[in-house]
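Participant: Let me begin by handing over the structure; questions about it come next.
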Amino acid sequence: QQQVKQSPQSLIVQKGGISIINCAYENTAFDYFPWYQQFPGKGPALLIAIRPDVSEKKEGRFTISFNKSAKQFSLHIMDSQPGDSATYFCAAIKAAGNKLTFGGGTRVLVKP
Amino acid sequence: NAGVTQTPKFRILKIGQSMTLQCTQDMNHNYMYWYRQDPGMGLKLIYYSVGAGITDKGEVPNGYNVSRSTTEDFPLRLELAAPSQTSVYFCASRTGGHQQPQHFGDGTRLSIL
């Protein structure tokens, strides 16, 4: 049972464009939503995270938008750069939880 | 500060062989995790540990075993390797608090032929 659904599986964007990745969750017990970035040959690394009492969080060119009523959240990469080409995973965890539930991942390719 | 170190980086096994994937962390983290990532797929949790002496199953534990005798080390054992276990294996750790980030190693690429 996939509790966090991520889309699209892959996307191609031109340099300077906006990349948008969407995630939806089912379990209302989730209370923390991180995004991880993974470059080829490397392990994932935390990129940005949000709590459900916040509707938006921005760090540089990366923004998370959160819609608690719809149980959806998304990652926006503004002014996408070739160096942003990576796989992005959304995730969720319950309060005091031991383990993350990951989405299926989105492979982003930014063309120069 | 090395973080999470996994060895080996690559390994080829024959069907039926056994091996141990090593994972060690130097951050004194209580929580440790093993994931597998199949090509083009997401991360699936195999086993995890909340502290020395305590382990628990994740989504896909069949065919694997773990132990956690120290805070630093969390080895993953494959007893009878099968082609379906061909994957990239990642170890991760985190400190207490569910909002703390997981720190991943760079993975072990395992092929079973």
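So the sequences go chain by chain: Z and Y. Going by my numbering, the first sequence opens with residue 1, and the numbers climb by one from there. Going by my numbering, the second sequence opens with residue 113, and the numbers climb by one from there. All C-beta atoms, glycine included, are put in the ideal place defined by N, C-alpha and C. Please read these numbers as outputs of a predicted model, since none were measured by experiment.
Over the uninterrupted beta strand (DSSP E) stretch that includes residue 51 of chain Z, give me the two end residues.
Facilitator: From DSSP, residue 51 of chain Z is part of no beta strand (DSSP E); its letter is neither H nor E.
Participant: Would you please state the rounded distance, in angstroms, between the beta carbons of residue 82 of chain Z and residue 68 of chain Z? I believe it to be under 8 Å.
Facilitator: No, residue 82 of chain Z and residue 68 of chain Z are not in contact; Cβ-Cβ is about 34 Å, not under 8 Å.
Participant: Do the segment 25–39 of chain Z and the segment 88–96 of chain Z meet, that is, are 3 or more Cβ pairs less than 8 Å apart?
Facilitator: yes
Participant: Assess contact between the segment 133–145 of chain Y and the segment 161–173 of chain Y, defined as three or more Cβ pairs (one per stretch) separated by less than 8 Å. Is contact present?
Facilitator: yes
Participant: Can you pull out the residues from the segment 159–180 of chain Y whose beta carbon lies closer than 9 Å to at least one beta carbon of chain Z?
Facilitator: Answer in chain order: 160, 162, 168 and 170.
Participant: Would you kindly work out how many angstroms separate the C-alpha atoms of residue 6 of chain Z and residue 126 of chain Y, rounded to a whole number?
Facilitator: 35 Å
Participant: How about residue 20 of chain Z and residue 76 of chain Z: are their beta carbons less than 8 Å apart?
Facilitator: yes
Participant: Among Z:23, Z:112, Z:16 and Z:14, whose alpha-carbon lies nearest the alpha-carbon of residue 64 of chain Z?
Facilitator: Z:23
Participant: Suppose the cutoff is 6 Å on Cβ atoms and the five residues either side in sequence are ignored; what does the same chain contact list for residue 101 of chain Z look like?
Facilitator: 3, 4 and 92
Participant: Three or more C-beta pairs under 8 Å: does that hold for the segment 168–184 of chain Y against the segment 113–124 of chain Y?
Facilitator: When C-beta atoms of the segment 168–184 of chain Y are compared with those of the segment 113–124 of chain Y, fewer than three pairs fall below 8 Å, so the two segments do not count as touching.
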